[in-house]
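Taken in sequence, the protein lines are chains A and B. The first sequence: position 3 = 3 (this note's numbering), numbered continuously. The second sequence: position 220 = 220 (this note's numbering), numbered continuously. Below: the structure, in structure tokens.
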Amino acid sequence: MRIELEKRPERSVLMAWASPVIAVMATVVTGGLIFAAIGKPPLQALWIFFLEPFSSLWSIEELVVKATPLILIGVGLSVAYRANVWNIGAEGQFTMGALMGGIVPVFFTSWQSPLALTAMLVLGILGGMLWASIPAFLKIRTGANEILVSLMLVYVAQLLLDWLVRGPWRDPKGYNFPKTVNFEDWQAMPIFGGGRLNLGIVLALVAAVALAVLMRRTMKGFEVRVLGEAPRAGRFAGFSSDRMTLFVFLLSGGLAGLAGIVEVASTVGQLQPNISPGYGFTAIIVAFLGRLDPIGVVVAALMLAVSYLGGEAAQVALGISDKAARVFQGVLLFWVLACDTLILYRLRIVRSAPAAEGV
Amino acid sequence: MSASVTAEAGAGRGEAETSEFLVEARGIVKKFGAFTANDQVDLAIRPGEIHALLGENGAGKSTLVKMLYGSLQPTAGRIFWKGEPVVVTDPGRARDLGIGMVFQHFSLFEALSVTENIALALPNASDMNALAARIASVSRDYGLPLEPRATVADLSVGERQRIEIVRCLLQEPKLLIMDEPTAVLTPQEADQLFLTLERLASEGCAVLYISHRLEEVKRLCHASTILRHGKVVARVDPSKETAASLARLMVGADVHAIRPKHARVAGPTRLYVDQLDLPANGPFAVALQKVSLELRAGEILAIAGVAGNGQSELFDALSGERRVDRAGAVVIEGEPCGHLGVGERRELGAAFVPEERLGHGAVPAFRLSENVVLTRDSIFADAARRLLGFLDFRAADETAARVSSAYDVRKGKPDPEARSLSGGNLQKFVVGRELDRKPLVLVVNQPTWGVDAGAAALIRQALVDLAADGAGVLVISQDLDEIFEIADRIAVISRGALSPGYDAHVMTLEKVGLLMGGAHGGSEAIEGALKLREADGRAY
């Protein structure tokens with residue numbers, strides 16, 4: 001007996017929706033097995049990891065805060081991946097956005113007006129775009145692989161940030177800690193309520209809705225999908241894949257940059273060597289789990305935010321390494337990609353003996 | 001190693017046959033889900049027989065052959081080899097039995113030499129020099145001249161086919177299966193192939209010959225099995241039939257003949273190409289050299305040629321998918337547009353149908369209505385909408401429905417994904433989508449490639465009608481029957497150079513064949529081309 005994959009004539013609408021659900025369930029089962037293997041009670045561990053984050057208002061708020069950068073980055077990446085352009089360097093664009101936006105509080109600390117915040121956000125977007133334009137330009141001009149270039153630029157951006165906050169941009173009153181001045185008042189994101197919930201989530205939802213309309217209803221979205229599905233047909237339609245590469249890199253880079261400045265102007269509150277728990281990479285999983293659809297990305301971002309909160313909770317309650325969150329994210333991406341096979345193929349169990357012998 | 005194989009096979013041929021037939025398939029059924037591709041098919045081939053397997057596209061020929069070659073397993077039925085029941089579990093087993101197959105699409109590595117390509121297919125071939133010597137001797141013996149050290153990329157399609165044949169011959173087959181072998185050959189190359197096959201048959205090797213070219217089947221084959229909708233409908237001796245009677249058996253009805261249109265009126269020039277040069281854009285691509293042509297209103301100009309002689313490059317240059325710096329190199333409706341892109345050329349009234357339906361003419365994963373938008377973005381994003389660039393889905397739906405009903409596109413649901421349509425139906429849609437725009441110039445590459453006879457007739461009729469309505473139609477095709485059926489003038493492309501266009505009534509198959517060989521060939525070909533030019537005063 002063997003299992004065969006049989007191509008479906010069309011993509012299955014049912015499986016397109018069911019695949020992420022199956023993937024999440026498979027991840028939970030795999031997670032239980034991992035907990036059991038390292039000697040933790042699997043059910044209790046799963047409870048702490050996946051359900052406790054929903055048990056209090058505080059943690060739900062925290063969930064939204066964690067999901068904000070994932071949505072902003074994820075919606076941009078989903079458009080890029082639809083166009084078959086592989087921007088893997090959102091983490092670097094995030095860092096550059098934070099860095100460029102940080103120019104305002106670092107150099108114009110006393111400028112307190114809504115304009116200051118606007119300038120920070122605009123600079124953040126420009127910073128992400130600038131960083132993303134490098135792999136786009138190299139791909140168009142020289143054919144350099146955008147996956148490698150964008151990924152390597154992540155480390156360049158992180159080292160640049162590290163050097164700035166330890167050297168020229170260090171807060172003179174900061175007791176020699178590697179950090180800049182605190183971002184305060186009009187140089188930070190407005191807060192809703194008493195917690196850490198801020199304007200960022202509004203920006204993220206606006207971006208998601210705007211891109212959903214772009215992808216579903218406009219010529220530009222059509223162009224993205226055609227070039228991603230069949231580049232030759234895109235050329236036949238008169239679309240330019242070079243311009244598309246630049247467009248999606250600027251779009252996804254700009255949104256990652258915006259996520260960067262929103263994050264440092266809210267939760268982090270300053271520039272420091274470490275400003276992200278890997279949002280730029282986690283957003284890749286978010287984009288795929290959300291079916292490369294901007295609205296799906298919002299749902300997926302909330303789910304991935306759970307893994308961050310659950311990871312922290314499991315660290316406290318069970319003494320598991322905080323790397324557990326990364327493991328879960330990896331397992332989830334694996335299952336998402338595996339289950340996506342079912343959209344275009346169906347499983348068929350075949351008897352091992354060829355039929356010719358029998359009849 | 002080589003010596004022992006030859007000796008064994010020699011002994012094998014001498015064996016007494018235990019059955020009258022070399023290979024026999026009885027009651028073969030093959031189902032794919034609910035679809036029955038082969039239904040109780042019987043096929044029997046004698047040693048030394050050239051047996052034709054005839055049928056339309058989708059009649060089940062390939063399915064049957066794949067089961068003989070072991071790449072598919074029958075749902076029911078048995079296969080007998082020399083009277084013994086056998087199970088052909090996989091192609092390796094088929095080769096062990098003595099079955100060789102030459103596929104329609106070659107699987108060769110272009111960057112490797114002939115010997116290296118053959119070595120890859122042979123088990124435990126280690127001595128390259130010995131293998132090269134064997135290739136040289138086998139290819140010489142069978143009249144298939146091959147240079148073992150040549151790089152595949154430098155070889156013509158005919159020569160590449162020889163590699164595949166020699167690769168099979170080295171395994172000393174007793175049954176050679178050939179899938180549409182002449183589809184890619186010039187008439188002269190095909191003649192050479194027939195000699196080789198006749199020689200093989202005289203030595204006792206059976207040949208199963210799949211083709212839809214009835215004339216050559218009549219000439220070459222001793223027996224035939226005709227399939228229609230997965231069933232055997234007739235077993236006839238093709239030499240005793242006419243091409244028309246064979247076609248009737250294949251299709252089950254008289255094939256719709258194309259109505260000739262009224263006498264041609266030389267209208268204004270629709271498309272003018274002037275000394276177009278286009279560099280090759282890859283190591284295996286063809287450069288266009290000073291291509292000139294003129295297409296007038298009301299005529300069909302056909303460009304014949306063996307695949308890979310610059311047809312795709314010419315199409316790309318005409319459609320604007322590849323642009324040239326000199327605007328005057330391509331003139332559509334009096335407008336120099338060599339530097340313009342495909343969208344701007346469409347706005348001038350041109351329409352294009354590329355060779356590849358899936359992935360070029362249509363996006364496989366898109367619905368038909370979305371595929372409509374592909375070639376008319378300028379229409380849907382009209383002035384008011386262009387600012388925001390919103391799509392008009394209702395107009396797209398309506399257009400898709402209109403095209404489907406006008407061109408008889410058969411589909412399982414109202415708006416299916418392009419990839420779920422059969423080749424013929426998708427081609428009708430892709431051609432219909434362009435005709436629906438009422439183009440002034442239509443450039444179509446291989447309009448009926450891989451399309452069943454019914455769809456092909458509909459498409460050809462539509463092209464003839466379009467020209468009759470005053471458009472200029474440029475047809476690039478490898479199918480000479482098609483060209484002679486619909487063309488007013490015929491030009492031939494060879495190694496990136498285009499011959500002048502000759503009136504169809506002064507062209508013969510032989511003359512086209514000589515031009516296909518190209519002026520780069522022997523002096524005979526040049527002479528032939530010159531005579532032809534003298535004979536036809538109307539050639540420009």
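Glycine included, C-beta positions come from ideal geometry on N, C-alpha and C.
The Cβ-Cβ distance between A:V298 and A:I71 falls below 8 Å. If you look at B:R270, you'll find it in the beta strand (DSSP E) that goes T269 to L278.
Interface residue (Cβ-Cβ distance to chain A less than 8 Å): B:E20 is not classified as such. Within the region 351–373 of chain B, F352, P354, E356, L358, G359, H360, G361, A362, V363, P364, A365, F366, E370, N371 and V373 place their CB atoms closer than 9 Å to a CB of chain A, listed in sequence order.
Apart from sequence neighbours up to five positions away, the residues of its chain that approach B:G501 with a beta-carbon distance below 6 Å are L301, R489 and A491, ordered along the chain.
With respect to the 8 Å criterion, B:E159 and B:L146 are classified as neighbours on the basis of their beta carbons.
Our two residues, A:G311 and A:G319, have alpha carbons roughly 10 Å apart in a direct line. Bounds of the alpha helix (DSSP H) holding B:I483 are L480 to I486. Against chain A, the CB of B:L64 has no partner CB under 8 Å away; the residue lies outside that interface. Of all C-beta pairs linking the region 229–237 of chain A to the region 140–147 of chain A, fewer than three are shorter than 8 Å, placing the two stretches out of contact. The three-state secondary structure of A:G200, taken from DSSP, is helix.
Rounded to the nearest whole angstrom, the CA to CA distance from B:R46 to B:S224 is 12 Å.
The beta-carbon separation of B:P439 and B:S477, rounded to 18 Å, does not stay under the 8 Å limit for a contact. When the alpha-carbon of A:M303 is set against those of A:Q315, A:S321, A:A314 and A:A283, the nearest one is in A:A283. In the structure shown, B:R140 falls within a helical segment according to DSSP collapsed to helix, strand and coil.
In the same chain as B:L288, and ignoring 5 residues on each side of it, the C-beta atoms closer than 7 Å to its own belong to L276, D277, L278, G310, E313, L314, A317 and G496, in chain order. One alpha carbon belongs to B:L421, the other to A:L289, and they sit about 30 Å apart.
For A:R11, the nearest CB of chain B lies under 8 Å from its own CB, placing it at the interface with that chain. Proximity of B:S420 to chain A, defined by a Cβ-Cβ separation below 8 Å, is satisfied. Listed in chain order, the non-local C-beta contacts of B:E355 below 6 Å within the same chain comprise N445 and Q446, local neighbours out to five positions each way being set aside. When 7 Å is used as the limit between beta carbons, B:L391 is near these residues of chain A: R217, T218, M219 and F222, in chain order.
The C-beta distance from A:I125 to A:L258 rounds to 5 Å, short enough to meet the 8 Å contact threshold. Taking C-alpha positions only, A:P294 is separated from B:G27 by approximately 54 Å.
The C-beta of B:G343 comes closer than 8 Å to at least one C-beta of chain A. Between the alpha carbons of B:F194 and B:E215 lies a distance of about 13 Å.
As DSSP reads the structure, B:W81 sits in a beta bridge with B:V23 and B:E84. A:S78 is the residue among A:P20, A:A36 and A:S78 whose C-alpha sits nearest the C-alpha of A:L251. DSSP places A:D242 in the helix class (H, G or I) of the three-state scheme.
Note that the region 236–250 of chain B does not touch the region 71–79 of chain B; fewer than 3 beta-carbon pairs, one per stretch, sit closer than 8 Å.
For the region 263–278 of chain A, no residue has a beta-carbon sitting nearer than 9 Å to a beta-carbon of chain B. Here the region 124–138 of chain A lies against the region 90–98 of chain A, with 3 or more beta-carbon pairs under 8 Å apart. Chain A has a Cβ within less than 8 Å of the Cβ of B:T375. Scanning its chain for C-beta atoms nearer than 7 Å, with the 5 sequence neighbours on each side dropped, one finds no residue around A:W17. At least 8 Å separates the beta-carbon of A:R346 from that of A:R2. Per DSSP, B:K231 is not a residue of any alpha helix (DSSP H); the beta strand (DSSP E) it occupies stretches across K231 to V236. When the beta-carbon positions are compared, B:H360 and A:R243 stay at least 8 Å from each other.
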